[in-house]
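Undergrad: Residue numbers (my numbering): 684 to 820. Dropping a structure here in structure tokens format, bear with me for questions.
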């Protein structure tokens with residue numbers, strides 16, 4: 684099995700480091716401020732052209748600005764301790780094991796979790812299994 688991934692960006696972090704407002708960056712790369720907002724939020728994937736423009740503004744390679752990250756990592760990181768306890772109770776998976784998820788890569792996923800565990804985990808965070816994990820043939 685493998686994690687399903689999404690594009691994540693360091694745009695906000697880089698803007699903060701360089702004291703650039705969303706509107707300023709938007710003007711520099713020829714998009715709306717809302718586009719920058721959605722890029723930072725992770726709900727919009729940039730075109731290659733836009734990615735290159737952003738990389739040029741920050742004088743960084745694209746791979747230092749954009750990366751793939753498992754969707755479940757973000758979900759787990761945003762949960763409070765109490766919410767993680769609740770997920771543990773619902774799924775029947777040890778809380779400490781759940782908390783380790785952001786430290787696990789694709790190769791380790793099968794070693795740490797069974798498919799049944801991941802299906803229960805998906806259900807306990809109200810997500811479809813298929814949206815969080817891929818089954819390899």
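Glycine residues also receive a C-beta, built at the ideal position from the N, C-alpha and C atoms.
#1: Nearest by alpha-carbon distance to residue 743: which of 785, 765, 686, 694 is it?
#2: Starting from residue 689, trace the beta strand (DSSP E) in both directions and tell me its first and last residue.
#3: Which partner residues does residue 799 have in the DSSP bridge list?
#4: From residue 716 to residue 729, what does the alpha carbon distance come to, in whole angstroms?
#5: Please classify residue 726: is it buried, with 16 or more other beta-carbons within 10 angstroms of its beta-carbon, or exposed?
#6: Using a Cβ-Cβ cutoff of less than 6 Å, which residues in the same chain neighbour residue 800 once the five nearest sequence positions on both sides are dropped?
#7: Quick test of your reading: residue 754 and residue 688, contact by CB under 8 Å. State the CB separation rounded to the nearest angstrom.
#8: How would you call residue 751, buried or exposed, if buried means at least 16 neighbouring beta carbons within 10 angstroms?
#9: Mind pulling the alpha helix (DSSP H) runs of 4 or more residues that sit fully within the stretch 709–752?
#10: Keeping to the same chain, check which residues put their C-beta closer than 6 Å to that of residue 745; ignore five residues upstream and five downstream.
#11: Just to confirm, is the Cβ distance from residue 749 to residue 701 under 8 Å?
TA: Answer, in terms of the structure:
#1: Position 60 of the chain shown, counted from the first residue, corresponds to residue 743. Nearest of 785, 765, 686, 694 to residue 743, Cα basis: 694.
#2: For this step, residue 689 is matched to residue 6 along the chain shown. Where residue 689 is concerned, the enclosing beta strand (DSSP E) stretches over 688–692.
#3: Mapped onto the chain shown, residue 799 falls at position 116. DSSP, once it has assigned bridges, lists no residue as partnering residue 799.
#4: In the chain shown, counting from the first residue as 1, residue 716 sits at position 33. In the chain shown, counting from the first residue as 1, residue 729 sits at position 46. When rounded, the distance between both Cα atoms is 14 Å.
#5: As a first step, residue 726 is located in the chain shown; it is residue number 43 there, counting from the start. So residue 726 ends up on the exposed side.
#6: Residue numbering aside, residue 800 sits at position 117 when the chain shown is read from its first letter. Within the same chain, residue 800 has close Cβ partners 776.
#7: Taking the chain shown and counting its residues from 1, one reaches residue 754 at position 71. Taking the chain shown and counting its residues from 1, one reaches residue 688 at position 5. At roughly 7 Å, the Cβ-Cβ gap stays under 8 Å, so residue 754 and residue 688 are in contact.
#8: The residue you call residue 751 lines up with position 68 of the chain shown. The residue in question, residue 751, is exposed, as its Cβ has fewer than 16 Cβ neighbours within 10 Å.
#9: Counting whole runs of 4 or more residues, the stretch 709–752 contains the alpha helix (DSSP H) stretches 716–724, 731–741, 745–748.
#10: Against the chain shown, residue 745 aligns to sequence position 62. Taking C-beta separations shorter than 6 Å and ignoring five residues to either side along the sequence, the partners of residue 745 in its chain run 734, 738, following chain order.
#11: The sequence position of residue 749 within the chain shown is 66, counting from 1. The sequence position of residue 701 within the chain shown is 18, counting from 1. Cβ distance not < 8 Å, so residue 749 and residue 701 don't count as in contact.
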